[in-house]
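Okay, so here's the structure we're looking at.
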Amino acid sequence: MIRQRFLFCLSVLSIVKKLIADLSEVDEKLRAKYIRKNLSAYLKKSYFSYDQGHRVEKKLTDIKGLINLQIIHAKRNVASSDSNRKPISTITGQYFHHVDKANRLAFQDVEKSIALIDESLTAEYQPIFEPFLKEAKDVLDLNDLSVKSDIETKVLLENNSQVVYGEDNNNLPENMNGLGILNILYLLLQIDLREQDFKSENKDINLLFIEEPEAHTHPQMQYVFADKTLKALSEKGKLQTLVTTHSSHIVSRCEFESIRFLQLDEVDKQVLAKNFMVELSPKYSDTDDFKFLKQYITLNAAELFFASKAIFIEGTTERMLLPYFIDNYDIQNRTNIKAQNISVLEVGANAKAFEHFLSFIGIKTLIITDIDTTKLTEGQKGHRYKACKVDDGENTSNASLKHFLSAPNLENKGFQEWFKKLKNGDIKTSAPLINCCYQVREKEYHARSFEDAFIHINKDKINQKKGELSGLVNKYKLGDGDVDSYVLTNEIIVKKIRFRFIYSLSRSCLG
Numbered sequence: 176m177i178r179q180r181f182l183f184c185l186s187v188l189s190i191v192k193k194l195i196a197d198l199s200e201v202d203e204k205l206r207a208k209y210i211r212k213n214l215s216a217y218l219k220k221s222y223f224s225y226d227q228g229h230r231v232e233k234k235l236t237d238i239k240g241l242i243n244l245q246i247i248h249a250k251r252n253v254a255s256s257d258s259n260r261k262p263i264s265t266i267t268g269q270y271f272h273h274v275d276k277a278n279r280l281a282f283q284d285v286e287k288s289i290a291l292i293d294e295s296l297t298a299e300y301q302p303i304f305e306p307f308l309k310e311a312k313d314v315l316d317l318n319d320l321s322v323k324s325d326i327e328t329k330v331l332l333e334n335n336s337q338v339v340y341g342e343d344n345n346n347l348p349e350n351m352n353g354l355g356i357l358n359i360l361y362l363l364l365q366i367d368l369r370e371q372d373f374k375s376e377n378k379d380i381n382l383l384f385i386e387e388p389e390a391h392t393h394p395q396m397q398y399v400f401a402d403k404t405l406k407a408l409s410e411k412g413k414l415q416t417l418v419t420t421h422s423s424h425i426v427s428r429c430e431f432e433s434i435r436f437l438q439l440d441e442v443d444k445q446v447l448a449k450n451f452m453v454e455l456s457p458k459y460s461d462t463d464d465f466k467f468l469k470q471y472i473t474l475n476a477a478e479l480f481f482a483s484k485a486i487f488i489e490g491t492t493e494r495m496l497l498p499y500f501i502d503n504y505d506i507q508n509r510t511n512i513k514a515q516n517i518s519v520l521e522v523g524a525n526a527k528a529f530e531h532f533l534s535f536i537g538i539k540t541l542i543i544t545d546i547d548t549t550k551l552t553e554g555q556k557g558h559r560y561k562a563c564k565v566d567d568g569e570n571t572s573n574a575s576l577k578h579f580l581s582a583p584n585l586e587n588k589g590f591q592e593w594f595k596k597l598k599n600g601d602i603k604t605s606a607p608l609i610n611c612c613y614q615v616r617e618k619e620y621h622a623r624s625f626e627d628a629f630i631h632i633n634k635d636k637i638n639q640k641k642g643e644l645s646g647l648v649n650k651y652k653l654g655d656g657d658v659d660s661y662v663l664t665n666e667i668i669v670k671k672i673r674f675r676f677i678y679s680l681s682r683s684c685l686g
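In this text, residue positions in the sequence shown follow the numbering used here: the first is 176, and each later residue adds one.
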């Protein structure tokens, strides 16, 4: 072992000396580029297997004999606008060739038909080529010279078969089909070809890589591909399929346990493959939170995997208005927030379930929520906290604020001091990539909810436009200057359609 290491060090030293000598002849400014382009010329690839601390050098052929690796690349050349190119028909030729090799008996009838065509064409060739053959016989003294037809099934199929859509004569040629259909047909044929190769090679390890299967396809087609094709591949024995994708639609159809998140480490400049089940699940002491996360991510929020930033909101009102507010803010401040690859997700009161996940994938997140103040009141069922005006509040019912802003227990002496800081907006989140945004005092009033704040700020405009706004009741109370905004909000908005009122007001008053 020591001798091997010594020889290895000598080999490395020799390579380094040669590289240094060659670099001395390269302009100093170009040396980094030279190394990037030519480093492989100085290195020798070696393959080793490790067994109980001992390494045994192997040949690449040994590895290839063990592993069958097949790749379906993202560049599939399915351009429907080019009438001269028929990638699907070309693949059908390859498909026929593979099947023909695997089971020639299944194509005996095809071979017989081609043999009959060969005989017929050979007879037709004789009068056509007779002048040429006569001259060749005279010059070369070859009496047995002739021209025969010899059609190969593979060549015949590659150049003379088409994949069409339709019946009888009413069909579309291959190049007239949509790119999405061509892409899926191409993938299905390629997958079948690879499967036949796996069966014929019969190696111990079979790996199939599929790059970006979503190309040119609409969401519904991506769902079907993931549900049908990828699921079928996952159920095949002795085959592991790896799919790279930028499609949230495909990811949403995958089991959370099977997802690997590829991310560039900005410090080490290495690509990390993150395993959510192995690396993330131990961070969740609350198993219910992790269960909710798995279900929600795959069903509703797979786009988070591809986002640069995220905004969490509580309901429909915010979802409808946030894009509108961002557009207006960009125009007024000459910014470009809407181009920052931000995912907006409606998570309700479940934001805390995402804390470890957001940290794990490393995206900045803004949680827009309500302060939701409450006050201890006595009722028929005893004492309990009920919603109240912020100025009368003693507590908050918002679990996300309590979690991310590290609230003490309610019985703790420090809770009231924490609650005071909460109302003043003086508390920072404990998670470095997460920030919480909620109502603070504005225009001499502290709102409890988004609707409450919105009505207070726009009370005069609402009064002016009350005849045009939908979702508004008790309109006469808008002119009552003695009614505060908290009471007014509860009396003029129908809760079930409050988002219609807010949206209607935004479009008519703020546009």
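Every residue, glycine too, gets a C-beta built ideally from N, C-alpha and C.
For the set Asp202, Glu200, Lys192, Lys234, the Cα lying nearest the Cα of tyrosine 217 is the one of Lys192. Checking the DSSP bridge columns, you'll see aspartate 502 has no partner listed.
Scanning its chain for C-beta atoms nearer than 6 Å, with the 5 sequence neighbours on each side dropped, one finds around asparagine 570 the residues Thr549, Tyr560, in chain order. Proline 388 is classed as buried because its beta carbon has at least 16 other beta carbons within 10 Å across all chains shown. Sequence-distant partners of histidine 248 (beyond 5 residues in either direction) whose C-beta falls short of 7 Å from its own C-beta, in its chain, are Glu386.
A straight-line Cα-Cα distance of about 46 Å links aspartate 367 and isoleucine 609. Burial state of arginine 623 is buried, judged by a 10 Å Cβ sphere holding 16 or more other Cβ atoms.
Annotated three-state conformation of arginine 211 is helix, per DSSP. With respect to the C-alpha of threonine 491, the residue from Ala477, Lys484, Val519, Ala514 having the closest C-alpha is Val519. In terms of Cα proximity to leucine 455, the closest of Leu198, Lys636, Lys484, Phe431 is Phe431. In this structure asparagine 243 touches isoleucine 380 by the C-beta definition: roughly 7 Å separates them, less than 8 Å. Ranked by how close their Cα comes to the Cα of cysteine 563, the residues Glu643, Asn213, Asp659 have Asp659 in first place. Nearest neighbour of leucine 497 by Cα position, chosen from Arg509, Thr404, Ile517, turns out to be Ile517. Around asparagine 649, the same chain offers Glu666, Ile667 as residues with beta carbons nearer than 7 Å, after the five sequence neighbours per side are excluded. When the beta-carbon positions are compared, glutamine 415 and leucine 363 stay at least 8 Å from each other. Excluding its 5 nearest sequence neighbours in each direction, phenylalanine 579 has C-beta neighbours in its own chain below 8 Å: Ala526, Lys527, Glu530, Ile542, Thr604, Ser605, Ala606, Ile609, Cys611, listed in chain order.
When the beta-carbon positions are compared, histidine 621 and valine 565 come within less than 8 Å of each other. Under the DSSP assignment, glycine 353 falls outside any beta strand (DSSP E); it carries neither an H nor an E label. Here aspartate 440 is exposed, its C-beta having fewer than 16 other C-beta atoms within 10 Å. In the structure shown, tyrosine 225 falls within a strand segment according to DSSP collapsed to helix, strand and coil. Judged by beta-carbon spacing, glycine 523 lies beyond the 8 Å limit of glutamate 553, meaning their Cβ atoms are not closer than that value.
By the 16-neighbour rule on beta-carbons within 10 angstroms, histidine 558 is exposed. Shown here for threonine 419: same chain residues with a beta carbon closer than 6 Å to its own, the five before and five after excluded, namely Glu386 in chain order. Between serine 423 and phenylalanine 487, the CB-CB gap reaches or exceeds 8 Å.
Looking at the DSSP output, aspartate 440 sits in a beta bridge with Gln445. Leaving aside the five residues that flank methionine 452 on each side, the residues in its chain whose CB is nearer than 6 Å to its CB run, in chain order, Glu432. By the C-beta density criterion, aspartate 627 is buried, having at least 16 other C-beta atoms within 10 angstroms.
For glycine 600, the three-state secondary structure derived from DSSP is coil. The shortest CA-to-CA distance from lysine 513 to any of Ile326, Ser534, Ile289, Ala482 is the one to Ala482.
Look at tyrosine 361 here: in three-state DSSP terms it is helix. When beta bridges are read from the DSSP output, lysine 233 appears opposite Tyr222.
If you ignore the 5 residues before and after glutamine 515, its C-beta comes within less than 8 Å of the C-beta of Ser483, Lys484, all in its own chain and listed in chain order. Secondary structure at isoleucine 546: coil, using DSSP grouped into helix, strand and coil. Here isoleucine 246 is exposed. Its C-beta has fewer than 16 other C-beta atoms within 10 Å.
Going by C-alpha positions, asparagine 213 is about 39 Å away from leucine 354. An exposed status is given to valine 442, since fewer than 16 other beta-carbon atoms sit within 10 Å of its beta-carbon.
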